[in-house]
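Asks: One structure coming up, written as structure tokens, with questions to follow.
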């Protein structure tokens, strides 16, 4: 009898897992088909780009070019042969060149190509036949990121085992949905507010059901997450109007306006999406920690009262709150450190710096994300109390 119940439990879990994976993939494929209809994600009319490997250095020359009255710059040109690794010219050996101009700041940090280097090449169509058609673009770096990603995946599987597989799947589905559905939808002129909300809903449901299955714990976590996201959404919209935000946070924002003239991108909606999607991970983490802790507490203390459960949940939440708020704030600071240093250099005063829109948006992201975490805690604790204790009453 016990084996029969366990067998049914595993079959039910397998059916739920397969269903979640299937519908997650379908949602990505269908969503991508809808948002990319009559739209190309990449600029296909630009220069041809290829990956190559440097075979040999042909020559190296330097040319002095005066600028101004007393100064001059040195343009170093390295000509080399390179084997194309992909695309239309795959396996062809071509001549290419790298140009390093000392006039540009940071040129001394650029490494000259050497045999064996993996690089990106750009094929131009120069009118002057003396100019090499293939030009050095950048070093190819993504293969190293793939290796680091494989190490990360291996550690997740080693430590998490079965949960590790689900963690990697949820991370993969989230990444694919954001970059294959949400980002193209914004570029194609779809409503970014709705797109961000759908992205959050998809990520929350897919991640929690995939990792924990369909259970009371999953339901309590979902309700806590949704409450935090709703607060972050309302607060972001209110503050955007109060602060009179335009969305022009940097020079890249200007280009977004002209990206799709027929369906111009709403820059304030981009700020909204950045805040709620950025805060979603921390909100899910907090809600999951609290619901799991209270679930275990209810299992080991079957006679616990609603009031005691709330007090225990709030104590757990207070312990989580400080570290998660720090994590969120430090993540935003770290991601925009170069911009902050640059703005600090070109600001006339601290008042000038703190009133720049890009700095205001950074403050907004950190503060609303932290406030959403704080409000997620009591919502999740209260929801867990209602669901877990009600379940105990039903079982008894």
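In my numbering, the protein residues as written are 915 to 1310.
Think of the CB as a built atom: it goes at the ideal place given N, C-alpha and C, for glycine as much as any other residue.
Remember, predicted model here, so these are calculated numbers, not experimental data.
Going by the CB atoms, is the gap between residue 927 and residue 1076 shorter than 7 Å?
Replies: Residue numbering aside, residue 1076 sits at position 162 when the chain shown is read from its first letter. Residue numbering aside, residue 927 sits at position 13 when the chain shown is read from its first letter. No, these two residues do not count as a Cβ contact at 7 Å.
Asks: Look up residue 944 in the DSSP assignment and say whether it is helix, strand or coil.
Replies: Position 30 of the chain shown, counting from 1, holds the residue named residue 944. Note: residue 944 maps to helix in three-state DSSP.
Asks: Residue 1197 lies in the alpha helix (DSSP H); which residues open and close that run?
Replies: Start at 1 with the first residue of the chain shown, and residue 1197 comes out as number 283. From DSSP, the alpha helix (DSSP H) with residue 1197 extends over 1181-1214.
Asks: Can the beta-carbon of residue 1157 be found closer than 7 Å to that of residue 1167?
Replies: The sequence position of residue 1157 within the chain shown is 243, counting from 1. The sequence position of residue 1167 within the chain shown is 253, counting from 1. Result no, Cβ atoms of residue 1157 and residue 1167 do not sit closer than 7 Å.
Asks: Taking all protein chains shown into account, decide if residue 1284 is buried (16 or more other Cβ within 10 angstroms of its Cβ) or exposed.
Replies: Sequence index remark: in the chain shown, residue 1284 carries index 370 (1-based). Label assigned to residue 1284: buried.
Asks: For residue 1093, does the three-state DSSP call read helix, strand or coil?
Replies: For the purposes of this step, residue 1093 is taken as residue 179 along the chain shown, with counting starting at 1. Residue state, collapsed to three classes: helix.
Asks: If you measure between the beta carbons of residue 1250 and residue 1276, is that distance less than 7 Å?
Replies: Working through the chain shown from its first residue, we reach residue 1250 at position 336. Working through the chain shown from its first residue, we reach residue 1276 at position 362. Going by C-beta atoms, residue 1250 is nearer than 7 Å to residue 1276.
Asks: Should residue 1088 and residue 1117 be called a contact, given that it needs their Cβ atoms to be closer than 7 Å?
Replies: Position 174 of the chain shown, counting from 1, holds the residue named residue 1088. Position 203 of the chain shown, counting from 1, holds the residue named residue 1117. For residue 1088 and residue 1117, yes; Cβs fall inside 7 Å.
Asks: Relative to the alpha-carbon of residue 1106, which residue among 987, 999, 1185 and 963 has its alpha-carbon at the smallest distance?
Replies: Translated into positions along the chain shown, residue 1106 becomes position 192. Checking every option, the nearest Cα to that of residue 1106 belongs to 1185.
Asks: Got a sec, what are the start and stop residues for the beta strand (DSSP E) residue 1007 sits in?
Replies: On the chain shown, position 93 is the one that residue 1007 refers to. Residue 1007 -> beta strand (DSSP E) spans 1007-1015.
Asks: Below 8 Å on the Cβ atoms is my contact criterion, and I expect residue 953 with residue 1102 to pass it. Report the Cβ-Cβ distance as a whole number of Å.
Replies: Indexing the chain shown from 1 puts residue 953 at position 39. Indexing the chain shown from 1 puts residue 1102 at position 188. With 8 Å as the limit, residue 953 and residue 1102 qualify as a contact, their Cβ atoms being about 4 Å apart.
Asks: Name the DSSP beta bridge partners of residue 1114, please?
Replies: As a first step, residue 1114 must be located in the chain shown, where it is residue number 200. None, per the DSSP bridge assignment.
Asks: If I measure Cβ to Cβ from residue 1003 and keep anything under 7 Å in the same chain, skipping five residues before and after, which residues do I get?
Replies: Counting from one through the chain shown, the residue named residue 1003 turns up at place 89. Contacts found: 964.
Asks: Kindly indicate which residue of 1216, 1195, 922 and 999 has the alpha-carbon position closest to the one of residue 967.
Replies: Here residue 967 refers to the residue found at position 53 when the chain shown is read from its first residue. The option with the nearest alpha carbon to residue 967 is 999.
Asks: Opposite residue 1053 in the DSSP bridges: which residues?
Replies: Looking up residue 1053 in the chain shown gives position 139. In DSSP, residue 1053 forms a bridge with 1033.
Asks: What does DSSP give as the partner residues of residue 989 in its beta bridges?
Replies: Counted from its first residue, the chain shown places residue 989 at position 75. Partner(s): 977 and 1015.
Asks: So, for residue 871: in the same chain, excluding its five sequence neighbours on each side, which residues have a beta-carbon less than 7 Å away from its beta-carbon?
Replies: For residue 871 there is no data in the structure shown, the boundaries of the chain being 915 and 1310.
Asks: Can you tell me where the alpha helix (DSSP H) holding residue 1147 begins and where it ends?
Replies: The residue labelled residue 1147 in the question sits at position 233 within the chain shown. Looking at the DSSP string, the run of the alpha helix (DSSP H) that includes residue 1147 is 1130-1156.
Asks: Using the Cα positions of residue 979 and residue 1047, report the straight-line distance between them to the nearest angstrom.
Replies: What you label residue 979 is simply residue 65 of the chain shown in a count that begins at 1. What you label residue 1047 is simply residue 133 of the chain shown in a count that begins at 1. Answer to the nearest angstrom: the Cα atoms are 23 Å apart.
Asks: Can you tell me which of the three DSSP states residue 972 falls into?
Replies: In the chain shown, counting from the first residue as 1, residue 972 sits at position 58. Correct three-state label for residue 972: strand.
Asks: Are the CB atoms of residue 1096 and residue 1113 within a distance shorter than 7 Å?
Replies: In the chain shown, the residue the question calls residue 1113 occupies position 199. In the chain shown, the residue the question calls residue 1096 occupies position 182. Taking 7 Å as the Cβ cut-off, residue 1113 and residue 1096 qualify as a contacting pair.
Asks: Whole-angstrom Cβ separation of residue 1294 and residue 1204, contact assumed at under 8 Å?
Replies: Along the chain shown, one-based indexing puts residue 1294 at 380. Along the chain shown, one-based indexing puts residue 1204 at 290. Indeed, because the Cβ distance is near 5 Å, the residues count as touching under 8 Å.
Asks: So, is residue 1217 buried or exposed, given that buried needs 16 or more other C-beta atoms within 10 angstroms?
Replies: Position 303 of the chain shown, counted from the start, is the residue given in the question as residue 1217. By the neighbour-count rule (16 or more Cβ atoms within 10 Å), residue 1217 is not buried but exposed.
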